[in-house]
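Under numbering that gives the first Met the number 0, the first residue of the sequence shown carries the number 0, and numbering increases by one thereafter.
For every residue, glycine included, the Cβ atom is placed at its ideal position computed from N, Cα and C.
If you're wondering where the values come from, they're calculated on a predicted model, not measured in any experiment.
Below you'll find the structure, written out as structure tokens, and then a few comments.
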Amino acid sequence: MATPESPLLAMSGIVKEFPGVRALDGVDLEVRAGEVHCLLGQNGAGKSTLIKVLAGAHQPDGGEVRWNGEPVRLAGPTASMRLGIATMYQELDLVDGLSVAENIFLGHESSRLGFSRRGEMNAAARRLLGRLGHGEISPGLVVGRLPAAGQQIVSMARALSHDTRLIIMDEPSAALAHDEVANLFRIIRELTASGVAVVYISHRLAEIREIGDRVTVLKDGRTVAVGLPARTTPTAEVVALMTGRSTEHSFPDRDAEPGEEVLRVEDLALPGRFSGVSFHVRAGEIVGLAGLVGSGRSEILETVYGARRPSAGRVLVDGRPLRPGSTSVAVAAGIGLAPEERKAQGLLMYETVGRNITAASMRRYSRLGWLDRRREARDAGEMVRAVDIRPADPDRPVRTLSGGNQQKTVFARWLLKGCRLLLLDEPTRGVDVGARGELYAQVRELAVQGVAVLLVSSEVPEVLDLADRVLVIREGRVVHEAAASDLDEHRVLDLIMEGSAL
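Structural data, given as structure tokens:
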């Protein structure tokens with residue numbers, strides 16, 4: 000039996016091979032009952048493969064798993080769930096067309112004589128949602144109608160619907176606003192106080208320090224550190240373990256003066272989302288939008304891009320107003336968008352890296368109905384090298400790349416297109432600490448080349464350190480505007496939460 004001093008879970012020497020690659024090469028992980036054990040590593044380090052082994056989705060090719068001191072074989076997801084292991088994946092595995100309650104109890108519905116007891120399920124779902132501090136979510140609501148944060152809560156409720164002893168949380172805060180993260184941490188502390196263990200995976204090192212007890216670090220499919228104290232281990236040490244190098248300066252210096260105005264937004268409004276929004280962005284300038292999830296910041300980007308049609312106001316590029324509600328007009332005017340949900344909205348996941356890069360520029364390769372594939376391949380290869388996509392293979396399926404390299408692919412698409420204005424919505428979501436520095440350098444280099452950048456990020460330090468100027472958004476309105484150098488994280492959070500304007 001596990002005790003606070005002995006592991007509830009012990010994985011030793013775990014090996015997992017796929018054709019041509021050894022994803023796990025002797026990984027060790029020990030988790031105690033009632034602790035938050037943080038699992039860190041860059042994209043491709045083996046974290047996802049390890050938790051899929053633990054969840055029963057992958058069978059290891061070597062090593063041993065012990066549960067409560069006894070060797071076990073996790074033959075499938077059902078075997079893991081029977082032990083009390085629940086997994087919340089970063090890519091939520093909810094069924095959009097089913098209700099909240101049906102998703103929570105999917106696979107173990109309350110039934111009698113083959114008929115589901117809808118009333119019992121709804122009542123149980125309501126209790127779980129209330130425990131999570133979200134009793135306002137209706138159990139009968141179709142899950143696809145919920146925002147990302149609401150769907151995350153449903154996924155959490157599903158994990159708690161089992162007799163759970165260990166919960167794996169893969170980037171649980173990625174879609175949550177600042178106050179939602181605080182609520183998530185409250186829930187985690189309640190769970191661990193009752194003896195439930197949590198394996199917490201996040202690229203946000205500040206979260207690890209706040210919520211974690213111990214840390215295990217993976218690199219290249221191997222364990223490079225076990226049981227580090229989460230609160231006292233220096234960040235520089237953790238980063239060095241993850242990347243194999245020191246990263247003292249994550250953000251590039253600003254050394255370019257903004258040029259002529261590229262974008263002007265005048266009194267833009269979208270019913271129920273935002274109103275009276277006005278601002279401008281100049282060539283070579285990075286402007287950040289800071290605000291809570293749901294404040295209207297992403298919708299502002301989507302409206303500028305033409306994906307949404309405003310009810311009032313106008314968007315001007317180089318002084319010329321754009322026809323509203325047309326992405327083709329926006330792209331023709333030199334606007335590119337790297338959306339928050341890059342896998343669903345920004346990439347052709349079953350196409351190659353090269354085809355994803357050239358997707359917005361196909362007209363230049365088409366002549367008299369024929370596609371100049373040689374020129375397309377040449378340009379894609381040049382872009383792969385220009386933004387340092389790794390591996391440097393334009394013919395590789397984009398779905399096989401890490402999050403950071405997928406984001407570089409989106410950047411490369413708009414670089415090739417020659418965009419004048421790049422809209423970035425959560426550009427480092429799901430991107431590891433090592434790749435983040437590379438993306439920051441890419442964004443700054445674009446600005447140096449004269450590209451105007453409009454940035455949305457939930458991470459206030461990222462906005463402050465990367466942007467030249469910051470607009471604070473609350474409840475669909477700009478409540479403050481200042482140079483990034485005149486703000487600090489505390490001030491921005493105060494403005495975000497209170498909405499006070501000067």
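Sub-8 Å separation of L175 and V292 beta-carbons: Contact flag set, yes.
Report the three-state DSSP secondary structure of A332 (helix, strand or coil). If DSSP states are grouped into helix, strand and coil, A332 belongs with coil.
Are the CB atoms of V383 and V352 nearer to each other than 8 Å? In this structure, V383 lies near V352, with their beta-carbon atoms less than 8 Å apart.
Go through its chain and collect everything with a Cβ distance to R111's Cβ below 7 Å, but skip five positions before and after it. In this prediction, R111 scores a pLDDT of 47, lower than 50, which makes its location untrustworthy; the coordinate-derived value is nonetheless stated afterwards. Cβ neighbours of R111 beyond the five flanking positions: none.
Burial state of L367, where buried means 16 or more other Cβ atoms lie within 10 Å: Only exposed fits L367, as fewer than 16 other CB atoms lie within 10 angstroms of its CB.
Looking at the unbroken beta strand (DSSP E) that takes in F17, where does it start and where does it end? From DSSP, the beta strand (DSSP E) with F17 extends over P6 to F17.
Tell me, to the nearest whole angstrom, how far the beta carbon of V264 is from that of V237; I am working on the premise that it is less than 8 Å. Between V264 and V237, the beta carbon gap of about 40 Å keeps them out of contact (Cβ cut-off 8 Å).
Report buried or exposed for Y304, applying the criterion of at least 16 other Cβ atoms within 10 angstroms of its Cβ. With 16 or more other Cβ atoms within 10 Å, it is buried.
Going by beta carbon distance, what residues of the same chain come within less than 7 Å of L93, once the five residues before and after it are set aside? N102, V142, Q150, V153 and S154.
Closer than 6 Å by C-beta to A9: which residues in its own chain qualify, once you throw out the five before and the five after it? Chain order, please. Excluding residues within five positions, the ones whose Cβ falls inside 6 Å are E29 and R65.
Can you name the residues that DSSP bridges to L23? L23 is bridged to K15.
Measure the alpha-carbon distance for S519 versus E375 and round it to whole angstroms. Absent from the model: residue 519. The displayed extent of the chain is 0 to 501, so no value can be given.
N- and C-terminal bounds of the alpha helix (DSSP H) containing T222: T222 -> not in any alpha helix (DSSP H); beta strand (DSSP E) instead, spanning R221 to P228.
Since I136 is in the beta strand (DSSP E), which residue starts that stretch and which ends it? The continuous stretches of beta strand (DSSP E) do not include I136, and DSSP gives it neither H nor E.
For I167 and K46, what's the separation of their Cα atoms in angstroms? Those two C-alpha atoms are separated by around 11 Å.
If you reduce the DSSP assignment to three classes, tell me which class M382 lands in. Residue state, collapsed to three classes: helix.
Residue environment, A22, which counts as buried when at least 16 other CB atoms sit within 10 Å: By the Cβ neighbour-count rule, A22 is buried, with 16 or more other Cβ atoms within 10 Å of its own.
Roughly how far, in whole angstroms, is the beta-carbon of I388 from the beta-carbon of T408, given that I think they are within contact range, below 8 Å? In this structure I388 touches T408 by the C-beta definition: roughly 6 Å separates them, less than 8 Å.
Starting from T86 and walking both ways along the beta strand (DSSP E), at which residues does that stretch end? Residues I84 to M87.
In chain order, what residues of the same chain lie with their CB nearer than 6 Å to the CB of R230, ignoring the 5 residues before and after it? R208, listed in sequence order.
In whole angstroms, give me the CA-to-CA distance for N182 and G258. Between N182 and G258, the C-alpha separation is close to 43 Å.
Can you list the beta strand (DSSP E) stretches of 3 or more residues lying completely in the stretch 136-198, in chain order? Unbroken beta strand (DSSP E) stretches of 3 residues or longer found wholly inside the stretch 136-198: 165-169, given in chain order.
What first and last residue would you give for the alpha helix (DSSP H) that runs through G402? Here the alpha helix (DSSP H) through G402 covers G402 to K416.
Alpha-carbon to alpha-carbon, R412 and M348: About 14 Å.
The stretch 279-291 contacting the stretch 468-484, beta-carbon criterion three pairs below 8 Å: Three or more pairs of CB atoms, one per stretch, sit closer than 8 Å, so the stretch 279-291 contacts the stretch 468-484.
Can you tell me which residues form a DSSP beta bridge with L470? L470 pairs with L288 and E480.
H489 (DSSP reduced to helix, strand or coil): H489: helix per DSSP, three-state reduction.
With 16 as the cutoff for other CB atoms within 10 Å, does F273 come out buried or exposed? Classification for F273: buried.
How would you label H248, buried or exposed, when you count the other beta carbons within 10 angstroms and need 16 or more for buried? Unreliable positioning characterises H248 in this predicted model, as indicated by a pLDDT of 43, which lies under 50. The coordinate reading is nonetheless provided below. It counts as exposed.
Is DSSP giving I210 helix, strand or coil here? If DSSP states are grouped into helix, strand and coil, I210 belongs with the helices.
If you draw a straight line from the C-alpha of L140 to the C-alpha of V99, how long is it? So the two alpha carbons sit approximately 6 Å from each other.
Quick one: measure Cβ to Cβ for V462 and A224, integer angstroms, because I've assumed they're closer than 8 Å. Wrong, their Cβ atoms sit about 30 Å apart, outside the cutoff.
Report yes or no: do the stretch 25-40 and the stretch 184-199 share at least 3 C-beta pairs separated by less than 8 Å? The stretch 25-40, when compared against the stretch 184-199, does touch it at the 8 Å Cβ threshold.
Cα-Cα, which of A434, D464 and R473 is closest to D487? Ranked by Cα distance from D487, the first of A434, D464 and R473 is D464.
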